[in-house]
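With numbering that gives the first Met the number 0 applied, the sequence shown corresponds to residues 0 to 747, in that order. Beta carbons: idealized from backbone N, C-alpha and C, even for Gly. None of the values given here were measured: they were computed from a predicted structure.
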Amino acid sequence: MKQAGKEVTPLTDLDALMQRLNDAYHLDENLSVKEYLNAIPLTPDANSRIKATARKFVETVRANRKRFGGLDSFLQEFGLSTSEGIALMCLAEALLRIPDPDTADKLIRDKIGSADWDQHLGKGHDLFVNASTWALMLTGKVIGDIEEDKDSSVAAIAGRMVAKLGEPIVRRAMLHSMKIMGQQFVMGRTIDEALARAAESEKTGYRHSYDMLGEGARTAEDAEHYFANYEMAINAIGRAAAGRGPVSSPGISVKLSAIHPRFEYAQRHLCVPALSEKLLVLAEKCAHYGIGLTVDAEEAHRLEMTLKIVENVFTDPSLKGWDGFGLAVQAYQKRSGRVIDWLTALAEQNNRRMMVRLVKGAYWDSEIKYAQVNGLPGYPVFTRKNATDVAYLANAAKLMSRRDLFYPMFATHNAYTVAALIELAGKNREGFEFQRLHGMGEPLYHQIVGFHDEGKYPCRVYAPVGSHQDLLPYLVRRLLENGANSSFVNRLQNDKVPIDEIISDPVEYMAKLDSKPHPKIPLPARLYGARENSSGIEFASTNVSAEFLKKVNSFSEQRYAASSVINGVPKIGPGGKVLNPADHQQEVGAVTFATKEDMEQALKTTYAAFAEWNGTPANDRAACLERMADLLEENNAEFISLCVREAGKTLPDAVAEIREAADFCRYYAAEARRLFAETLMPGPTGERDVRAGRAYRRRLLHRLHRSGAAHQPHPRRPQRRDCAADRRNRRAERDDCRQQRAAGTNRR
Numbered sequence: 000m001k002q003a004g005k006e007v008t009p010l011t012d013l014d015a016l017m018q019r020l021n022d023a024y025h026l027d028e029n030l031s032v033k034e035y036l037n038a039i040p041l042t043p044d045a046n047s048r049i050k051a052t053a054r055k056f057v058e059t060v061r062a063n064r065k066r067f068g069g070l071d072s073f074l075q076e077f078g079l080s081t082s083e084g085i086a087l088m089c090l091a092e093a094l095l096r097i098p099d100p101d102t103a104d105k106l107i108r109d110k111i112g113s114a115d116w117d118q119h120l121g122k123g124h125d126l127f128v129n130a131s132t133w134a135l136m137l138t139g140k141v142i143g144d145i146e147e148d149k150d151s152s153v154a155a156i157a158g159r160m161v162a163k164l165g166e167p168i169v170r171r172a173m174l175h176s177m178k179i180m181g182q183q184f185v186m187g188r189t190i191d192e193a194l195a196r197a198a199e200s201e202k203t204g205y206r207h208s209y210d211m212l213g214e215g216a217r218t219a220e221d222a223e224h225y226f227a228n229y230e231m232a233i234n235a236i237g238r239a240a241a242g243r244g245p246v247s248s249p250g251i252s253v254k255l256s257a258i259h260p261r262f263e264y265a266q267r268h269l270c271v272p273a274l275s276e277k278l279l280v281l282a283e284k285c286a287h288y289g290i291g292l293t294v295d296a297e298e299a300h301r302l303e304m305t306l307k308i309v310e311n312v313f314t315d316p317s318l319k320g321w322d323g324f325g326l327a328v329q330a331y332q333k334r335s336g337r338v339i340d341w342l343t344a345l346a347e348q349n350n351r352r353m354m355v356r357l358v359k360g361a362y363w364d365s366e367i368k369y370a371q372v373n374g375l376p377g378y379p380v381f382t383r384k385n386a387t388d389v390a391y392l393a394n395a396a397k398l399m400s401r402r403d404l405f406y407p408m409f410a411t412h413n414a415y416t417v418a419a420l421i422e423l424a425g426k427n428r429e430g431f432e433f434q435r436l437h438g439m440g441e442p443l444y445h446q447i448v449g450f451h452d453e454g455k456y457p458c459r460v461y462a463p464v465g466s467h468q469d470l471l472p473y474l475v476r477r478l479l480e481n482g483a484n485s486s487f488v489n490r491l492q493n494d495k496v497p498i499d500e501i502i503s504d505p506v507e508y509m510a511k512l513d514s515k516p517h518p519k520i521p522l523p524a525r526l527y528g529a530r531e532n533s534s535g536i537e538f539a540s541t542n543v544s545a546e547f548l549k550k551v552n553s554f555s556e557q558r559y560a561a562s563s564v565i566n567g568v569p570k571i572g573p574g575g576k577v578l579n580p581a582d583h584q585q586e587v588g589a590v591t592f593a594t595k596e597d598m599e600q601a602l603k604t605t606y607a608a609f610a611e612w613n614g615t616p617a618n619d620r621a622a623c624l625e626r627m628a629d630l631l632e633e634n635n636a637e638f639i640s641l642c643v644r645e646a647g648k649t650l651p652d653a654v655a656e657i658r659e660a661a662d663f664c665r666y667y668a669a670e671a672r673r674l675f676a677e678t679l680m681p682g683p684t685g686e687r688d689v690r691a692g693r694a695y696r697r698r699l700l701h702r703l704h705r706s707g708a709a710h711q712p713h714p715r716r717p718q719r720r721d722c723a724a725d726r727r728n729r730r731a732e733r734d735d736c737r738q739q740r741a742a743g744t745n746r747r
């Protein structure tokens, strides 16, 4: 292959490719986007054909909306831009997560009363939208009331319903309504029900990949439950497949986090072998039946472990001759192209074909927040959706060119992306398929789904299976992913959005931008504006953590002597040993505790230095705090080692401890500059005076005085005992004494 005009021999060593992959974990977004832009082999003529095809798709979708309903129409009517959409999501997720009925009742009362449901009735193109409005708001009893009182608004009727029947009845009705809604979003409550429902659509060219719903396991019992569900589903799918092979048969999608409760980097020595063993059992079952298994993509910090598990299972001799093993790759990750390079080497070394599902990604919000909270050097994902679309096309081109090694499965609901994929495929329409979510994208894919006719392509439906309790977290994730105004699904259904805008070329858009990152999403270091965020460690990247842990371990034998430091002089004397609480055989150092004399000397030294320190400008004091924060981070490996050995902290907790200290230093430095700065303020007659810093000090001294902590003379000037106020007070006391003596009282 060529790179910068030179022939470069492709890497084939998996470890070297893994290192290169992790080099792009938080790669500068400008560099990452340019890398993908250069990998897209589309000519101007090809771009014209793509736009023409995409336009036809969009026009047909809009013309046939009444024929197709489901989640597309629902998202258009109840998007995240409406209070009703937000209310639905709050209810959908919260009702099944709230164990307290009283709290659930309060939530219903709040959300039902605050939304304007009338605007949605009768306006949807799809019966399902209106039915959903009623189902979420009303019971059969209330529908009867509407027939008697047609002038009442939905909100008024709902309010009367709550008042008349009570929140508990409404809560039960809402939960039942959501069960009905669940039928629109899942293929079936059980795998047998889903297989029966899918039989009709398979006749038109659809295939299915079944996802047994369930969030990540929290306990070993949960993991065993989900694993048993997968085994049961594979047996049922295998029987239904009847030997059609991994491509033509229905398949199954597996979430690794569902079958192990500690799928996290800190536990990789336990979870990677355990998950490899469990996944191999499921893969062997799928190989026995000749059906496909796809490992679902999850959060970025699990990617490296996922690839190691994939390597362990894919290379197992027991799976030889089975080409149904697959993996989902997320295009919104900057590493996605290098993941495909790694998979290419893995497939070549084992002389086996692999199924790859290319998705755009469903955890974008959490990936951004995770990086910000943990003070990472950058984001693992792109900050612009157009950049994700660019990476998707580049990765798709790479997969299309290696259909000898991969069976690509392109998951998208974007009409432009579908048109581009058709262009990339060219005349060779074999060896790949499209994918969509159940309940979504049907108006788009109905135009191209089929078997061997001209312009027809196979499409696989990602089909969730489970009860409504398991559905709702999945549904909320999809609503968040596709319910925003900027979502393609939302814009596709919205006639107010021009078609030219919908089918705009993401490659052209990103190429024109001088700065590729989104300007409103600052890097984690700049999260607080001018004040720098403390830097963290991404342990899940071996490139980073291996070097960092090496530094931390270099201090494992370091001994420390802790003591008071007074006027720059350590007060070291007889002290006690400090032992590692996790290992009492390990001595961390010794500590000398301060004596009464040490404390008195420290107070005197502080008192003597106060005048000079009090006269130090706020900017100089703030600079000291900022220098302290910098030193903490420059020496974080040593401090983290000390936190682990002295306090028994875990590594992530130790990192958080140092980060918190650095954050406090920078926060107080910023506050000092803001509150103590002496700002010249104009007066009403034109004079200028220094106000801000002095005013703050006066307020501070006033609070200290009220708390009883300011009864000492100011260190920089003598106490003014003969002020007018003191004289008035003493005079009043003398007069009071005279009056009491005259009255014959005995005042003590």
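Notebook entry, point to check: Is the beta carbon of LYS359 sitting closer than 7 Å to the one on ALA395?
Noted result: Cβ atoms of LYS359 and ALA395: not closer than 7 Å.
Margin query: Is the beta carbon of SER208 closer than 7 Å to that of GLY250?
Written below: Yes, Cβ-Cβ distance for GLY250 and SER208 is below 7 Å.
Next item on the list: Please specify which runs of the alpha helix (DSSP H), each continuous and at least 4 residues long, are wholly inside the segment 294 to 379, giving them in chain order.
Entry: Correct list: 302 to 313, 335 to 349 and 363 to 372.
Item checked: Alpha carbon of GLY291 to alpha carbon of GLU432, nearest angstrom -> Each residue's Cα considered, the two are about 13 Å apart.
Next item on the list: Apply the 10 Å Cβ neighbour rule to LEU602 and answer buried if 16 or more other Cβ atoms are within range, or exposed otherwise.
Entry: Its Cβ having fewer than 16 others within 10 Å, LEU602 is exposed.
Next item on the list: Kindly indicate which residue of ALA593, GLY215 and ALA240 has the alpha-carbon position closest to the one of ALA195.
Entry: Looking at the Cα atoms, ALA240 is the closest of the given residues.
Checklist line | Alpha carbon of VAL338 to alpha carbon of ALA617, nearest angstrom | finding: Straight-line Cα distance between these residues: approximately 51 Å.
Note to self: Measuring straight from C-alpha to C-alpha, what distance separates SER466 and THR189?
What the structure shows: Using only the alpha carbons, I get a separation of about 8 Å.
Item checked: Burial state of TRP612 (16 or more Cβ within 10 Å) -> Label assigned to TRP612: exposed.
Next item on the list: Return yes when the Cβ of THR605 is within less than 7 Å of the Cβ of PRO516, no when it is not.
Entry: With contacts defined by Cβ atoms closer than 7 Å, PRO516 and THR605 do not form a contacting pair.
Check: Cα separation between ALA193 and ILE236?
Finding: About 10 Å.
Next item on the list: Let me know the secondary structure DSSP gives ASN21 once reduced to three states.
Entry: DSSP, reduced to helix, strand and coil, places ASN21 within a helical segment of the structure shown.
Notebook entry, point to check: Between which two residues does the beta strand (DSSP E) containing TYR205 stretch?
Noted result: From DSSP, the beta strand (DSSP E) with TYR205 extends over 205 to 211.
Next item on the list: Determine the direct distance from the alpha carbon of GLU303 to that of GLN18, and round the result to whole angstroms.
Entry: Straight-line Cα distance between these residues: approximately 10 Å.
Check: Alpha carbon to alpha carbon, what distance is there between GLN584 and ARG334?
Finding: So the two alpha carbons sit approximately 44 Å from each other.
Notebook entry, point to check: Start and end of the alpha helix (DSSP H) containing ASP388?
Noted result: Here the alpha helix (DSSP H) through ASP388 covers 384 to 400.
Check: Between which two residues does the beta strand (DSSP E) carrying HIS583 extend?
Finding: Going by DSSP, HIS583 is part of the beta strand (DSSP E) stretching over 582 to 590.
Note to self: DSSP three-state label for GLN434, please.
What the structure shows: GLN434: strand per DSSP, three-state reduction.
Check: Thinking just about the alpha-carbon of each residue, which of ASN566, ARG238, ARG61 and ALA581 is nearest to the one in PHE609?
Finding: Taking only the C-alpha atoms, the option nearest PHE609 is ASN566.
Check: Just to confirm, are TYR362 and ALA370 a CB contact at a threshold of 7 Å?
Finding: The criterion of a C-beta distance shorter than 7 Å is not satisfied by TYR362 and ALA370.
Check: Who are the Cβ neighbours of LEU137 in its own chain at under 6 Å, not counting the five residues just before and after it?
Finding: Residue placement at LEU137 is poorly supported in this model, since its pLDDT is 39, which falls under 50; the coordinates are not used for a value here.
Check: Along the chain, where does the beta strand (DSSP E) that runs through ARG459 open and close?
Finding: It spans 458 to 464 - the beta strand (DSSP E) in which ARG459 sits, taken as one unbroken run.
Next item on the list: Give me the Cα-Cα distance between ASN46 and ALA344, rounded to the nearest whole angstrom.
Entry: Near 31 Å, if we compare the C-alpha coordinates of ALA344 and ASN46.
Next item on the list: Going by CA-CA distance only, name the one from GLY575, ALA561, ASP504 and VAL564 that's closest to LEU41.
Entry: Nearest in C-alpha terms to LEU41, of all of GLY575, ALA561, ASP504 and VAL564, is ASP504.
Note to self: For a test of the three-state rule: what should DSSP assign to LYS648, helix, strand or coil?
What the structure shows: In this structure, LYS648 counts as coil in the three-state DSSP scheme.
Check: When you compare only the Cα positions, how much space is there between PHE409 and CYS458?
Finding: Going from the Cα of PHE409 to the Cα of CYS458 covers about 9 Å.
Check: Can you name the start and end residues of the beta strand (DSSP E) that VAL568 belongs to?
Finding: VAL568 -> beta strand (DSSP E) spans 568 to 570.
Item checked: Beta-carbon contacts of ILE367 that lie in its chain and below 8 Å, excluding the five residues immediately before and after -> Counting only Cβ-Cβ distances below 8 Å, and skipping sequence neighbours, we find TYR378, VAL380, THR382 and ILE520.
Check: Where does ILE258 sit, in a helix, a strand or coil, going by DSSP?
Finding: In the displayed model, ILE258 falls within coil according to three-state DSSP, outside both helix and strand.
Checklist line | Residue range of the beta strand (DSSP E) that includes PHE409 | finding: Following the DSSP letters along the chain, one finds PHE409 inside the beta strand (DSSP E) bounded by residues 405 to 410.
Next item on the list: If I'm right that VAL57 touches ILE502 with Cβ under 8 Å, what's the distance once you round it to whole angstroms?
Entry: Right, their Cβ atoms sit about 6 Å apart.
Next item on the list: State buried or exposed for VAL141, treating a residue as buried only when at least 16 other CB atoms are found within 10 Å of its CB.
Entry: Any reading at VAL141 must be qualified, since the residue scores a pLDDT of 37, below 50, and its modelled position is unreliable; the value itself is stated next. Buried.
Next item on the list: Look at the Cβ atom of LEU375, then the Cβ atom of PRO518, and state whether they are nearer than 7 Å.
Entry: Not a contact, by the Cβ cut-off of 7 Å.
Next item on the list: Report buried or exposed for SER514, applying the criterion of at least 16 other Cβ atoms within 10 angstroms of its Cβ.
Entry: With fewer than 16 Cβ atoms within 10 Å of its Cβ, SER514 is classed as exposed.
Next item on the list: Look up LEU279 in the DSSP assignment and say whether it is helix, strand or coil.
Entry: If DSSP states are grouped into helix, strand and coil, LEU279 belongs with the helices.
Next item on the list: Confirm, please, whether the CB-CB distance from ALA227 to PRO260 is below 7 Å.
Entry: Not a contact, by the Cβ cut-off of 7 Å.
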